[in-house]
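Read in order, the letters of the sequence shown correspond to residues -24 to -1, 1 to 272 in mature numbering (1 follows the signal peptide of the UniProt record, and there is no 0).
Think of the CB as a built atom: it goes at the ideal place given N, C-alpha and C, for glycine as much as any other residue.
Here the structure is a predicted model, which means the values were calculated and not measured.
Structure first, commentary second.
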Amino acid sequence: MKSRLSLAAAALLALLLFSSQAQSQDTQCKTSAKADIVLLVDGSWSIGRLNFKTVRSFLIRMVSVFDIGPDRVQIGLTQYSGDPKTEWHLNAHPTMASLLAAITNLPYKGGNTMTGLALRYILQNNFKPEVGLREDARKIGVLLTDGKSQDDVILPSQSLRDAGIELYTIGVQNADESELRAIATDPDEIHMYNIKDFNYLLDIVDGLTDNLCNSIKGPGGEEVKAPTNLVTSEVTHRSFRATWTAPSGHVDKYRVTYVDVTGGLTQEAQEVTLSIAKILVTLIEFQTKSTIRRCP
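Dropping the structure here:
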C-alpha cells in the first residue's frame, strides 16, 4: 500500500551539483577564480598587415571564453617589435565589450623582433599592482611571435617564471621552436604551440583556451563545496517544495531527483540554475525520506 508524503518521511531527494570542473560544451571557461593575463604580441614587419588582422581575430576568439571583470579575469596587452608598447594594462578593460573593442582597434606596430626586451618589459611594467595586478590572482603571460628573437630570451623568461608567472608561447611561420620551449613553462605540450601559418591560428584556439582555463583554476581544479541546508516544505501527497543554500564557487546547474525507497526507479524532477535555489517537485505517491549530495 502506498503512503502519502509527509515531512517525517519526505523524499529520497538527491540534489546534484554540476560545477565547473571542466569547460562546458559552449567552450566557456566557467570559474570563479581570478587571473591576470598579459598578452605579449609580436608586431614586427615580418608579420604583415594582412596576417595581423588574423592575429586580431585569434585574440578575440581566445579572450571570448573568459569571464572578464575586476573580480574574475583581467587581460592586458603589450605589442612589441624593436621596442615594447603597452596597448592597455590589466585594469583598463573591466568588461568584455570594452576588451573586444580594444582588440578590434589594435594597431599594427611594425619593427624588429626583440622578444627578450619585451619579456623584461612586461615583468617591469605590466605585472604590477599599480596597473591592476592582484595578489590573489593567477599570473599568466601569453607570447605570440612569428620569428626568432634578435636578443636573449633565457634570462628574461626565467625572471618571469621566478616571479610566479606561468608562460605560454605561440609561434607562427619562422618562429624558433627551441626558443619557444625555452620561454614556455613546463610541460611544453601544454604551454607551447608552433604552427606553420597564420591561417592555422584559429585551429589551436580551443586547445589553448582549455589549457589556459585549467591554469586559471590552478592545480586540482576549482573546489566547489556541496549545497547545504536542504529543506522541504509545502508538502502534499502530490508535491513538495525543496529549498537549499547555494555553495560558494561557480555552479552551472542543479539536478533534483527523488527515488522510491522500496527500490523503484529514480524519478528525475528537473534542472535549475544557480540563481534559483528552490524547486517545486511533483511526485507520484512514494514512501520517502530526504537527503542531499553533490556530483563528484
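Residue burial is scored here from C-beta neighbours: serine 154 has fewer than 16 other C-beta atoms within 10 angstroms and is therefore classed as exposed.
Burial check for alanine 94: the Cβ neighbour count within 10 Å reaches 16 or more, so the residue is buried.
It is roughly 25 Å from the alpha-carbon of asparagine 102 to the alpha-carbon of leucine 177.
Boundaries around glutamate 142 are those of the beta strand (DSSP E), 141 to 148, since no alpha helix (DSSP H) includes it. Contact check for valine 129 against isoleucine 159 passes: the beta carbons are separated by less than 7 Å.
Here threonine 145 is buried: its Cβ has 16 or more other Cβ atoms, across all protein chains shown, within 10 Å. Distance between alanine 113 and glycine 183, taken at the CA atoms: about 22 Å. Judged by DSSP in its simplified three-state form, serine 33 adopts helix. Take the alpha-carbon of phenylalanine 34 and the one of valine 41: they are about 12 Å apart.
The beta carbon of lysine 124 lies closer than 8 Å to those of Thr89, Asn150, Ala151, Asp152 and Glu155 in the same chain, with the five residues before and after it left out. For proline 105, same chain residues with a beta-carbon under 8 Å away, outside a window of 5 residues either side, are Glu111 in chain order.
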